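K.L.:
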Amino acid sequence: MAAIELRGLSKVYPGGVKALDSLDLAIPDGEFFALLGPSGCGKTTLLRTIAGLETATGGAVVIGERDVTGVQPGARDIAMVFQDYALFPHMDVTDNISYPLRIKKVGKGPRREKAAEVGARLGLEHLMDRRPGQLSGGQQQRVALARVMATQAQAFLFDEPLSNLDARLRLEARTFLKKLQRELGVTTVFVTHDQAEALAMADRMAVMEAGHIRQIGTPAEVFQRPANTFVAGFIGSTPMNLLDGTVRGDTLEVAGCKVAVPVTAEGRLSDGEKIVYGVRPEYMAYSAAPAEGAFGGRVVIVENLGASHLVTLEAGDVSVQAVVPEGNEPAVGDDGYAVPRRDRALIYRDGDLV
Amino acid sequence: MTRFVLGRIGFYTLIAVLLAFFTIPLLWLVTAPFTSDPTYKVSVPDFTLDNFRAIAEHPYALPSLWNSVLLSAGTALLVVILAALAAYALSRVRLPGRDALLYTLLLLSSIITGTAAMVPLFQLAVQLNLIDSQLGLILILTGGLLPAAIFMMKDFMDATPKSYEESARVFGATPLQIVRHVVVPLVRPGLATIGVWAVANVWGNFLMPYLLLSDVEKQPAAVITYTLYTEGGQANLSMLSTFGLLYSIPVVLMYLFVSKKYGFRFHGGIKR
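What follows is the structure, encoded as structure tokens:
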């Protein structure tokens, strides 16, 4: 078990592309940490640099108390699960799980014992003689996890651990993985492009964009108070409403409507200032009758989300979305009014949270 | 309707002629050795073994088959080892001009055929004291086969996902361990393909051993076939057919064995 620390970590590819731009990050011992971002943001490069599969061009990687920046991957005392699992197709499950021990020159007997023990823990006991090609995707994933557990490494790195599973299995695997990490207590960093996965599993997370970390925090912090408009737009299963507006005295003029100043921004705005008003569709109270401080407009789209509906209103020339509980949904073409919750709405000035 | 029937008849006649064209020589090859006095015709054999006795008594026939085995096995081994190492490096290390180098090698080796390079190769062999030496011949044959072998092998290496090796690397495997535990087992069908291809190439090669080996005791079967004449200078059909049969059997067996053992199967383990 060990903490991971990155100090001013940079990775510039020979072509001059900056994959990582001077990142600082501290992941305490035992934490389940998510690296989240759209594809091409550098999250996988960051994970591979921690693993040592990519060499940093600047800064340092510290695992435990040890600076491992120039150390070979095999000597960093970490273990990694690859996106495609990379189980060796010519070895059976036992040999795959015990491969790390074979490298450490552990004898055949203890090696098989350890593999059987870890395999049993992950429910693989009846599959130990199979080849990876004879396993389902979920079973392959568990073999990959077992192989990592057999190493008894200081830290685990998972590259998109769930992306190769079917949608239904992914939810089960999410719960399973979180439970397993909690039980093992090993510092774990995982990469994902799925914000729901990061919110659900991680203790803390970093949202990345173009080689920079845009926000670090717990899922609750990142969801409720996105530090900038990028994070605000990226997090959440329905995208946050981000609307241009102007401060008018002690109210705001947004999308042609008068709305109240959010609680967190009170007294911190000056008259006439241009701002971006952000509020999640989930934090809107929808009604068919006109209301004070509401976005009013014509309903153009109603999307079924299961237990609720996502209603898109056309307010002036912008679209505002609100989540409406089932049984209450309007018809397309109706007039609708959505009142944002003052304690959940946010104000962004030049892209950053006020 | 009649047009259709006539068309069918024409089609099957054509197929039959084509089939006969390829089958009759093979039929001759399996019947003639068992016939007392074979001619160019395919005839019903009288199942004599005299021809095999004659081959067994020939001073150079059977040893030449062994020479063929030595030459082709030695060449195949060298080609497989060198091509695998070169292809692995070329596949995994990014070098400027790597592809240009590969294509040039392949292009040159197919433009400058063995025949064209014969005189310089002969002189080189003389100067290196490798003339009339099986080792020298193996080296020259290896050199001839390597460019194409590297090219084919690189395809196999490129098709092998890197994450297998990276995974082993993170677990602490050294480069040699990675090659032994992971890369070689993964590209084994490729190695087998290159090996069979090299053996078949050397087995059927006449010109190189004919020019570079003058000692009849070192000559392979392909060259000895050329010497099976009667005193009158006529092709000795009974000896030729019998030796031809013995000469083809090992290659056929090798193909069967390798295709059964390796075939082209891929076991998975990478989720696509």
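Protein sequences, first through last, are from chains A and B.
Residue numbers are given in the UniProt record's numbering: position 292 of the first sequence equals residue 292, and the series is strictly consecutive.
Residue numbers are given in the UniProt record's numbering: position 140 of the second sequence equals residue 140, and the series is strictly consecutive.
We put the beta carbon where it would ideally sit given N, CA and C, even for glycine.
In this text, all values refer to a predicted model and were calculated from it rather than measured experimentally.
#1: Between which two residues does the beta strand (DSSP E) harbouring residue 260 of chain A extend?
#2: For a contact meaning CB atoms closer than 9 Å, what does residue 175 of chain B contact in chain A?
#3: Taking contact to mean at least 3 C-beta pairs separated by less than 8 Å, is the stretch 140 to 151 of chain B in contact with the stretch 80 to 90 of chain B?
#4: Just tell me which of A:275, A:240 and A:239 has its CA closest to the CA of residue 251 of chain A.
#5: I'd like the list of long-range same chain contacts for residue 265 of chain A, defined as Cβ closer than 7 Å, with 5 residues on each side in sequence excluded.
#6: Starting from residue 128 of chain A and walking both ways along the alpha helix (DSSP H), at which residues does that stretch end?
#7: When you compare only the Cα positions, how much space is there between residue 6 of chain A and residue 181 of chain A?
#8: Checking contacts by CB at 8 Å: is residue 268 of chain B closer than that to chain A?
#9: Is the shortest distance between the beta-carbon of residue 161 of chain B and the beta-carbons of chain A less than 8 Å?
#10: Could you spell out the range, first to last residue, of the alpha helix (DSSP H) harbouring residue 229 of chain B?
#11: One question on the structure: do residue 154 of chain A and residue 2 of chain A come within less than 8 Å of each other, judged by their Cβ atoms?
#12: Output needed for residue 319 of chain A: all residues of its chain with C-beta closer than 6 Å, excluding positions within five of it in sequence on either side, in chain order.
#13: Where does the unbroken alpha helix (DSSP H) through residue 139 of chain A begin, and where does it stop?
#14: Using the Cβ count rule (16 or more neighbours within 10 Å means buried), how would you classify residue 201 of chain A?
#15: Curious, which full-length alpha helix (DSSP H) runs of at least 4 residues does the stretch 48 to 72 of chain B contain?
#16: Bridge partners for residue 321 of chain A per DSSP, in chain order?
#17: Run through DSSP, which three-state label would residue 304 of chain A get?
#18: Would you say residue 108 of chain B reaches chain A, if we count a Cβ-Cβ gap shorter than 8 Å as a contact?
#19: Taking residue 222 of chain A as the reference, which of A:262, A:280, A:173 and A:178 has the closest Cα?
#20: Could you name each continuous alpha helix (DSSP H) segment of 4 residues or more that falls completely within the stretch 33 to 109 of chain A, going from the start of the chain to the end?
#21: Smallest Cα separation from residue 65 of chain B: which of B:256, B:246 and B:254?
#22: According to DSSP, is residue 100 of chain B part of a helix, a strand, or is it coil?
#23: Just verifying my parser: in three-state terms, what is the DSSP assignment at residue 186 of chain A?
#24: On a CA-only basis, which of A:350, A:283, A:297 and A:315 is nearest residue 325 of chain A? Give me that one, please.
#25: Does the distance from the CB of residue 92 of chain A to the CB of residue 130 of chain A come in under 8 Å?
#26: Give every residue of the same chain whose Cβ lies closer than 8 Å to the Cβ of residue 10 of chain A, excluding the five residues on either side of it in the sequence, and list them in chain order.
#27: Of all the residues that make up the stretch 86 to 97 of chain A, which are near chain B by a beta-carbon distance shorter than 7 Å?
#28: For residue 271 of chain A, I'd like the list of residues in its chain whose CB is within less than 8 Å of its CB, leaving aside the five on either flank, ordered along the chain.
#29: Find the residues of chain A that neighbour residue 103 of chain B, judging by a C-beta separation of less than 7 Å, and give them in chain order.
#30: What are the boundary residues of the beta strand (DSSP E) that residue 14 of chain A is part of?
#31: Check whether the Cβ of residue 12 of chain B lies closer than 8 Å to any Cβ atom in chain A.
#32: What residues of chain B sit near residue 151 of chain A, judged by a beta carbon separation below 8 Å?
#33: With a Cβ-Cβ cutoff of 8 Å, do residue 42 of chain B and residue 62 of chain B count as a contact?
#34: What are the boundary residues of the alpha helix (DSSP H) that includes residue 347 of chain A?
#35: Taking residue 56 of chain A as the query, report the chain B residues whose CB atoms sit under 8 Å from its CB, ordered along the chain.
#36: Could you tell me which chain B residues have their CB closer than 7 Å to the CB of residue 74 of chain A, listed as they occur along the chain?
P.N.:
Quick look at the numbers:
#1: 257 to 260
#2: Simply none; closest approach about 10 Å.
#3: yes
#4: A:275
#5: 347 and 354
#6: Careful: residue 128 of chain A lies outside any alpha helix (DSSP H) and carries neither H nor E.
#7: 22 Å
#8: Note that residue 268 of chain B has pLDDT 48, beneath the 50 cutoff, so the model's placement of it is unreliable and the number below is only indicative. With 8 Å as the cut-off, residue 268 of chain B counts as an interface residue toward chain A.
#9: yes
#10: Residue 229 of chain B -> no alpha helix (DSSP H), and no H or E assigned at all.
#11: yes
#12: 312
#13: 137 to 150
#14: buried
#15: 50 to 57
#16: A:312
#17: strand
#18: no
#19: A:280
#20: 43 to 51 and 93 to 103
#21: B:246
#22: helix
#23: coil
#24: A:283
#25: yes
#26: 18, 20, 21, 22, 23, 56, 57, 58 and 59
#27: 86, 87, 88, 89 and 90
#28: 247, 248 and 249
#29: Within 7 Å Cβ-Cβ: nothing; residue 103 of chain B doesn't reach chain A, min ~23 Å.
#30: Segment: none, residue 14 of chain A is in no beta strand (DSSP E) and carries neither H nor E.
#31: no
#32: 171
#33: no
#34: Residue 347 of chain A -> not in any alpha helix (DSSP H); beta strand (DSSP E) instead, spanning 346 to 349.
#35: Here the premise fails: no neighbours, minimum Cβ distance about 16 Å.
#36: 169, 170, 171, 172 and 173
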